Amino acid sequence: MVSSFFYVIYMASIILVVSTEARATYNLGHAGLIFWCPNVNVARDPRWGMLEDLNSRPLKVSSSCRHFAAYDLDNWLNVDRNHFNARQDMAETFLRPFEACVREGDVSGVMCSFNNINGIPPCADPRLLKGTIRDEWNLHGYIVSDCWSIETTKNSLMSQVRRLCKYSNGNSAGLDLECGHYYNDSPASAVMAGRVSQHDLDQSLSNLYVVLMRLGFFDSIPALASLGKDDICSAQHIELAREAARQGIVLLKNDNATLPLKSVKKLALVRPNANAYGAMMGNYAGPPCRSVSPRDAFSAIGNVTYEMECGDVLCHNDTYVYKAVEAAKHADTTIIVVGTDVSIETEDKDRVDLLLPGYQTHLVNQIAKATTAPIILVVMCGGPIDISFARDNPRFGAILWAGFPGEEGGNAIADVVYGKYESCYVTSQLICYFIVALRGRLTVTWYENGYVGMLPMTSMALRPVESLEYPGRTYKFFSGSIVYPFDYGLSYTNFSYSLTAPTRSIHIHLKRLQPCRSMAYSICSTFEFEVAVKNVGSMDGSEVVIVYSSPPSGIVGTHIKQVIGFERVFFSMNVCQCLGIVDISGYTLLPSGSTIFSSCTKHRLIFNKTTIIYYLKIKI
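Be aware that the sequence shown starts at 1, since it is given in full-length UniProt numbering, and climbs by one per residue.
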């Protein structure tokens with residue numbers, strides 16, 4: 001959820017608090033300093049259970065990017081990931097988040113995954129571990145296996161010979177540390193058998209000690225050693241949790257300005273997730289400072305009728321429907337909080353469809369039929385859900401996606417519904433105002449449920465495969481019918497776009513024999529242009545300006561478009577700002593055997609979907 005507000009600077013505030021509390025907890029003797037996060041895998045398939053996983057990187061602790069690489073299936077219909085053979089997608093898409101972790105983030109660790117890549121487990125592939133991560137990207141840290149991934153079979157009676165081979169394969173490939181117990185007795189035996197050199201062991205030990213040194217194990221860091229109890233769950237940190245959740249909420253529908261609510265005498269609040277403390281936290285969450293559910297938050301504001309008969313996200317029977325309908329009939333506005341929890345989507349549990357679990361859809365539709373008062377649907381989930389039935393039904397005035405909003409999720413939802421807030425953790429007006437104006441964006445495509453029947457989750461191809469009738473994946477390659485597109489999100493205010501610079505041309509002169517086989521090869525030509533963005537609504541707010549690159553048509557295997565930059569900018573009412581886009585460059589990998597002959601092509605730069613298009617003529 002934290003990625004949906006598209007604001008890098010504010011993300012740094014969140015990371016600072018997470019790492020401060022982690023170091024303080026360590027100083028008190030309650031935790032370690034090794035964090036196996038963030039999960040930076042690409043959201044290839046909407047059914048993946050770990051789309052709800054937190055994507056934030058702590059400072060002041062050791063962080064490890066996981067799961068390297070092309071790993072986005074845990075357990076789907078009892079099928080586990082065991083193969084991957086899309087080399088172009090690997091280079092263009094699946095490796096890039098990890099490359100950024102190492103090269104730009106200087107992460108202290110990388111966790112390799114369970115799956116096989118072109119027939120080889122990544123934890124035993126020297127080309128990936130040594131060749132790519134350590135030598136090409138220059139990792140300053142260690143490489144660790146995902147827990148029990150060294151032994152991916154379920155045979156606990158594996159012979160010592162197989163243990164020995166697995167250790168030697170992993171260690172000589174560049175693996176420094178194993179999460180599990182299969183290496184317990186293997187190192188000494190592997191060295192004695194000549195399968196692993198003393199140099200390899202020394203190198204692994206050195207890589208691990210580098211991280212310990214960075215953490216200050218041998219030379220205390222006074223500024224970090226002083227952190228303690230007062231640095232955990234402070235009032236400022238709790239307020240930050242509330243603001244982070246507010247920023248991540250996405251407004252999916254707002255017919256006739258249903259939101260923000262002006263005044264409500266009687267509000268009906270309906271489960272299953274209206275009082276779900278656990279669902280708000282998602283997976284891999286530490287003990288919260290406190291938990292405020294939607295029920296807690298709305299009850300503190302005014303007169304609320306809370307219907308709690310639906311006890312879990314499956315809503316197994318019709319017992320609760322009558323009471324929920326009666327509550328809605330007597331209310332000025334009804335808020336229904338639906339969605340999933342970790343019983344539906346989490347690590348080792350992928351979904352089989354994109355529908356609301358159990359009888360939730362039945363509950364929602366029955367309420368819509370029974371009342372003429374406004375209905376607000378709040379969806380609490382990690383991965384996308386097909387809510388087209390509510391999107392297309394005029395009875396639902398507004399729809400909010402709240403993700404798994406954390407300990408202050410209830411307060412954040414109430415703040416957004418009423419368009420109010422009390423204070424800001426960061427004193428800048430920029431932070432405060434864009435919370436009010438609401439500009440979260442979806443970071444994955446929300447497909448219709450029929451999409452999951454078009455291709456199995458085990459298919460790793462991102463591009464369409466005509467011979468198999470696979471439609472393609474993600475906003476880069478899928479052009480079919482969807483519920484909501486990537487980057488979708490409404491605001492309580494409106495913005496207009498216009499170009500301030502004309503279309504221009506770039507000339508690229510190729511040599512007679514031009515090498516173009518490597519992704520590392522490129523010809524860069526820098527140019528600048530401006531786009532004017534104006535707040536034409538009735539409220540101050542911020543806008544996420546997203547720039548897409550869209551190559552000329554006719555290039556075999558290329559993407560429809562892809563994000564090349566974004567920025568969140570604050571705008572007062574009726575104020576126009578000219579934004580400069582500088583140092584834009586792109587590349588296209590062509591599949592083997594394809595050739596392009598072009599004397600002049602038009603490369604499009606698209607701002608916020610199709611709001612405005614800048615044509616860049618590239619002459620070759």
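Cβ coordinates follow ideal geometry from the N, Cα and C atoms, glycine included. What you are looking at is a predicted structure, and each value in this text was computed from that prediction instead of being measured.
- Task: Name the two residues that bound the continuous beta strand (DSSP E) containing Val544.
- Result: Walking along the sequence shown from the start, residue 544 turns up at place 544. Under the DSSP assignment, Val544 falls in the beta strand (DSSP E) whose first and last residues are 541 to 550.
#### Entry: Three-state secondary structure assigned by DSSP to Tyr71
Position 71 of the sequence shown, counted from the start, is the residue given in the question as residue 71. In the structure shown, Tyr71 sits in coil (DSSP, three-state: anything other than H, G, I, E or B).
- Task: Check Val304 in the structure and name its three-state DSSP category.
- Result: Stepping through the sequence shown from its first residue, residue 304 is reached at position 304. Looking at Val304 - three-state DSSP - the assignment turns out to be strand.
So, with DSSP's three-state summary, where would you put Ala532?
Stepping through the sequence shown from its first residue, residue 532 is reached at position 532. Three-state result, Ala532: strand.
With distance defined between alpha-carbon atoms, name the residue in Ser496, Val270, Ile14 nearest to Gln236. On the sequence shown, position 236 is the one that residue 236 refers to. Comparing Cα-Cα distances from Gln236 to each of Ser496, Val270, Ile14, the minimum goes to Ile14.
Practice item. For Val17, collect the residues of the same chain with a Cβ closer than 6 Å to its Cβ; drop the 5 residues on either side in sequence, then sort them by chain order. Key: On the sequence shown, residue 17 is found 17 positions in, with the first residue counted as 1. Taken in chain order, the residues that qualify are His237, Leu240.
Does the pairing of the region 488 to 502 with the region 110 to 124 give three or more beta-carbon distances under 8 Å? Counting Cβ pairs under 8 Å, fewer than three are found: no touch.
Can you tell me the Cβ-Cβ gap for Glu407 and Pro272, rounded? I've got them flagged as a contact below 8 Å.
Numbered from 1 along the sequence shown, position 407 holds the residue referred to as residue 407. Numbered from 1 along the sequence shown, position 272 holds the residue referred to as residue 272. Between the beta-carbon of Glu407 and that of Pro272 there is about 19 Å, and that puts the pair past the 8 Å contact cut.
DSSP beta-bridge partners for Cys576?
The count along the sequence shown starts at 1 and reaches residue 576 at position 576. In the DSSP output, where bridge partners are listed per residue, Cys576 has Lys534.
* Asked: With contact counted as at least three CB pairs below 8 Å, one residue from each stretch, are the region 316 to 329 and the region 361 to 370 in contact?
  -> These segments touch.
* To do: Measure from the alpha carbon of Ala279 to the alpha carbon of each residue in Asn256, Leu468, Glu307, Gly311, then state which is nearest.
  => Numbered from 1 along the sequence shown, position 279 holds the residue referred to as residue 279. Put simply, of Asn256, Leu468, Glu307, Gly311 the residue whose alpha carbon is nearest the alpha carbon of Ala279 is Gly311.
* Go to Pro378, then tell me how far its alpha helix (DSSP H) extends in each direction, as first and last residue. => The residue given as residue 378 occupies position 378 in the sequence shown. Note that residue 378 is Val in the sequence shown, not Pro. Counting along the chain, Val378 falls outside any alpha helix (DSSP H), though it belongs to the beta strand (DSSP E) covering 375 to 380.
Practice task
Could you pull the start and end residues of the beta strand (DSSP E) that Ser388 belongs to?
Solution key: As a position in the sequence shown, residue 388 is number 388, starting the count at 1. If you look at Ser388, you'll find it isn't in any beta strand (DSSP E); it sits in the alpha helix (DSSP H) that goes 388 to 391.
Point to revise | Closest residue to Gln88 among Arg463, Ala297, Cys65, Ser291 (Cα-Cα distance) | key: The sequence position of residue 88 within the sequence shown is 88, counting from 1. Residue Arg463 holds the alpha-carbon nearest to the alpha-carbon of Gln88 among Arg463, Ala297, Cys65, Ser291.
How would you call Phe218, buried or exposed, if buried means at least 16 neighbouring beta carbons within 10 angstroms? Along the sequence shown, read from residue 1 onward, the residue named residue 218 stands at position 218. Per the 10 Å Cβ criterion, exposed.
Which partner residues of Phe566 appear in the DSSP bridge assignment?
-> The count along the sequence shown starts at 1 and reaches residue 566 at position 566. Looking at the DSSP output, Phe566 shares a beta bridge with Ile546.
- Do the CB positions of residue 627 and Arg47 come within less than 8 Å of each other? Because the chain is modelled from 1 through 620, residue 627 falls outside the range shown and cannot be assessed.
task: Identify every residue that forms a DSSP beta bridge with Tyr447.
output: Numbered from its first residue, the sequence shown carries residue 447 at position 447. BP columns for Tyr447 point to Ile482.
If distances are taken between C-alpha atoms only, which option among Leu227, Ser172, Tyr182 comes closest to Val191? The count along the sequence shown starts at 1 and reaches residue 191 at position 191. The alpha carbon of Val191 has as its nearest neighbour, out of Leu227, Ser172, Tyr182, the alpha carbon of Ser172.
Review point. Run through DSSP, which three-state label would Ala327 get?
Key: Your numbering for residue 327 matches position 327 in the sequence shown. Here Ala327 sits in helix by DSSP.
Paired residues, beta bridge with Asn254 - DSSP: As a working mapping, residue 254 is identified with position 254 in the sequence shown. For Asn254, which the question treats as bridged, DSSP gives the partners Ala398.
Exercise. For His559, count neighbouring C-beta atoms within 10 Å of its own C-beta (all shown protein chains included) and say buried if the count is 16 or more, exposed if not.
Key: Locating residue 559 in the sequence shown gives position 559, where the first residue counts as 1. His559 should be labelled buried.
Problem - Three-state secondary structure (DSSP) of Lys266 - result: Here residue 266 refers to the residue found at position 266 of the sequence shown. Residue state, collapsed to three classes: coil.
List the residues that DSSP assigns as beta-bridge partners of Asn39. Position 39 of the sequence shown, counting from 1, holds the residue named residue 39. Answer by DSSP bridge pairing, in chain order: Arg66.
**Study point:** At least three beta-carbon pairs within less than 8 Å, the region 355 to 365 to the region 397 to 404
**Key:** Contact fails between the region 355 to 365 and the region 397 to 404, because fewer than three Cβ pairs, one in each stretch, are under 8 Å apart.
| field | Same chain, Cβ closer than 8 Å to Val144, neighbours up to 5 away in sequence not counted | value | Along the sequence shown, read from residue 1 onward, the residue named residue 144 stands at position 144. Cβ contact annotation for Val144 (same chain, cutoff 8 Å, sequence separation greater than five): Trp36, Ser64, Gly109, Val110, Met111, Cys112, Leu175, Asp176, Leu177, Glu178, Cys179, in chain order.
With a CB to CB cut of under 6 Å and the five nearest residues on each side skipped, what residues in its chain are close to Gly410?
-> The residue you call residue 410 lines up with position 410 of the sequence shown. These residues qualify, in order along the chain: Val292, Ser293, Pro294, Asp296, Ala297.
With the cut-off set at 8 Å, would you say Thr334 and Val379 are in Cβ contact?
Position 334 of the sequence shown, counted from the first residue, corresponds to residue 334. Position 379 of the sequence shown, counted from the first residue, corresponds to residue 379. No.
*Indicate whether Ser481 and Glu448 have their beta-carbon atoms separated by less than 8 Å.*
Position 481 of the sequence shown holds residue 481. Position 448 of the sequence shown holds residue 448. Yes, the pair counts as a contact, with Cβ atoms nearer than the cut-off.
message = Given a cut-off of 8 Å on the beta-carbon distance, is the pair Phe566 and Val544 in contact?
response = Against the sequence shown, residue 566 aligns to sequence position 566. Against the sequence shown, residue 544 aligns to sequence position 544. Their beta carbons are under 8 Å apart, which means Phe566 touches Val544 by this criterion.
Smallest Cα separation from Lys60: which of His67, Tyr26, Val465, Phe68? Within the sequence shown, residue 60 is the residue found at index 60, counting from 1. Of His67, Tyr26, Val465, Phe68, the residue nearest in Cα terms is Tyr26.
> Does DSSP classify Cys112 as helix, strand or coil?
Replying inline: Here residue 112 refers to the residue found at position 112 of the sequence shown. Residue state for Cys112 is assigned as strand, using DSSP reduced to three classes.
Q. Taking one C-beta from the region 221 to 233 and one from the region 411 to 418 each time, how about it: are there three or more such pairs within less than 8 Å?
A. Not touching, per the Cβ criterion.
| query | So Gly282 and Gly440 are in contact, right, with Cβ under 8 Å, and what is the actual spacing, rounded? | reply | On the sequence shown, position 282 is the one that residue 282 refers to. On the sequence shown, position 440 is the one that residue 440 refers to. In this structure Gly282 is not in contact with Gly440, their Cβ atoms being roughly 17 Å apart against a cut-off of 8 Å.
Report the rounded CA-to-CA distance for Met11 versus Ser189, giving the unit in angstroms. Along the sequence shown, read from residue 1 onward, the residue named residue 11 stands at position 11. Along the sequence shown, read from residue 1 onward, the residue named residue 189 stands at position 189. Their backbone Cα atoms lie some 46 Å apart in a straight line.
With a threshold of 7 Å (Cβ to nearest heavy atom), would Leu212 be considered close to the ligand GDP? The ligand GDP is absent from the structure shown, which contains no ligands of any kind.
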